[in-house]
Every structure is written in C-alpha cells, then in structure tokens.
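All residue numbers for the sequence shown refer to the numbering used here, where the first residue is 128 and numbers rise by one.
We treat Cβ as the ideally placed atom computed from N, Cα and C, and that holds for glycine.
Here's the structure, in structure tokens; my notes come after.
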Amino acid sequence: MNIEKFLSRVVNKLNSGKIEFPHMEAELLLANVLKKRREFVLSHPEYKLNILQIIICRFYVVKRLKGIPLAYIVKEKKFYNYNFLINKNVLIPRPETELVVDEALKIAQVAAGKSRPVLFIDIGTGSGCIIISICKYLSSKGCDINNFMATDISDKALSAAKKNAKLHKVDKIIKFLKGNLLVPILKEKLEISKYNLVILANLPYLTPFQVKNSSTIQNEPKLALIAGQDGLKYYRKLFKQIKEFVGSNKTSFYLLCEIDPGQANKIKRLALNLMPEIKLIIKKDLRGLERLIIIEKAY
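Dropping the structure here:
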C-alpha cells in the first residue's frame, strides 16, 4: 500500500475518533514510523509501505484513539522551533509557554547592558524546554552563555532534561540540580549578589477539579499539573523562598511565572503581600488570556 492510500485510511480513523487535526496527526505518526520528516510523507504519495510499517502505524493510531497524546506516542514535541524528546514523565510543552522564553530573552537584552552577568534559573524544568531554548537562542546570537541552572524534584524529569540538553549540545552549559524549587540553588551557596537573576517558573498550577474535568491532560504526570486545592501551593512556596533567598542578599532579580488565567489576581495579591516593594506586570498570551506574571526587584 502506498502513502497516499494508507494516509487516507488513517485520517478517516482519527476523524471518526474526534481527533481535532486528523490530517496533521496522521502525517506526523507516519513520518515517525518511517523515521522521516513530515515533508517526506507529503511529497512522496506513491512511496510503498511495508507490512511492518503499516502494523506499527496502526498500533499508534489505536493508542491515539485511546487518548494518549501524540507527543507521547512519537516521543517528541517542537517548542520554540526546537525539537524536544518527550516521555510520560514530563509535561508536554505548550505553545503558550513560548511567551516565557520571549519575555526572558527581552529581559536578557536589558540586563546584558548592566555591570553584573545574568544568571538564568529554571525552576521545575521538566523536559528542559524553557531553559534550553533560551540557551540555544542566545548561543545562536553569539551571546555569553555561561550562567544557566535548572532544578526539578523528579529524577525522571531531570533525566529527560539532561537528554534534551545533550541533544541540543548545551549539556556542558546548563547545570541541573535535583530538589524542591530553589532549595538546591540555596545549597550551592552562590554569591548571587554578583548576578542579575532571571528566575523562570512554569510550575504546576491546576486544581484537582481542573485536572479531573480536562480530557486533554489525563495522561500527563499529575506531579507536573496539580498544585493543591487552589492551584497556588507551589507559587506560595516559591515566593517565600525568593523573599528569603534574594532579600537577604539585596540582589536584583526578575521572576517570570506562567499561570492559569483565572489565577492572575490571586497570584498578584500573594506576591505583593510577601514582597510589597516589587514591580509586577501581567502579560497575555496569543489568545488574549493572562498567562505570565513578571516580577522585578531592583537594588
């Protein structure tokens, strides 16, 4: 059977299963089986598939129809125009998270003109997509990229992040540490007053109710999704740690936090109650939803 005929059958199957983008997913599934780019699938309709390729792709389709996310099946996901290895132990990178990278790069430009070097710290790194994307982009622009650290409480997530760092040839630049939020950074006993800190946090921010009622995230790790009954558990901890970590050292910092749009006002109040001297702005994503809180503290 050739690609054109087989793709048509796969698209019909995915369509009957209410998959939102059946053509795109069919092409990506088959490309993964063939170990080719999607463009190959599109440009070679007469290419003959062997029986093993057909069987594997059908198996993938069955998994997809059971609700397994495409990224977990093909084991990769594009983020900020870079490909990342993905497995069931890490959250699948979302397009809206690219806003964190965009704003961090803008801040890096501003901070680069100051006397102290920038230190990027990625809290709850997961697949490593945020900090690796920043590191890759700055490297491509010829910037000094020596100060990058990332933490995660999960050994399996850190393993995935390290593999991605190696894939993108930044494994010698980013230092990965295991621990809860900023705790492993504190243990490093850095002279943080020597740096302009840019702290990045895409922490779990959903409630159990939100997770239970969302069919699209049932197969993703709950550790990377749920943050207590109100979704603010980890940001409470992080803000307290930052107040102690940075406040006692009189260090300038930026903090970028991805949030659920419904949490914006609550997180704003929480941050200002703990750190009344900060500047705080909220950025919207491409859908017009409040998605990112940027906190700045200058000394």
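- Residue environment: K204 is assigned as buried (16 or more neighbouring CB atoms within 10 Å of its CB, all protein chains considered).
- One Cα belongs to K283, the other to N216, and the distance between them is close to 6 Å.
- Among the bridge pairs identified by DSSP, I353 is matched with L333.
- Proximity to K349 across P335, N340 and V137 peaks at P335, based on C-alpha coordinates.
- Straight-line measurement puts the Cα of N346 at about 8 Å from the Cα of G194.
- Bridge partners of N129 according to DSSP: K175.
- When the alpha-carbon of Y381 is set against those of P331, L327 and H150, the nearest one is in L327.
- Burial state of S260 is buried, judged by a 10 Å Cβ sphere holding 16 or more other Cβ atoms.
- For the 7 Å CB-CB criterion, K370 and L324 do not form a contact.
- A398 and K305 have their alpha carbons spaced roughly 25 Å apart.
- Here DSSP, grouped into helix, strand and coil, assigns N216 to coil.
- For I200, the closest C-alpha among the options K360, F366, I300 and V160 is that of V160.
- CA-to-CA, the gap between D298 and Y322 works out to about 21 Å.
- Around A235, the same chain offers V245, L265 and V325 as residues with beta carbons nearer than 7 Å, after the five sequence neighbours per side are excluded.
- At a Cβ-Cβ threshold of 7 Å, L176 and M128 count as neighbours.
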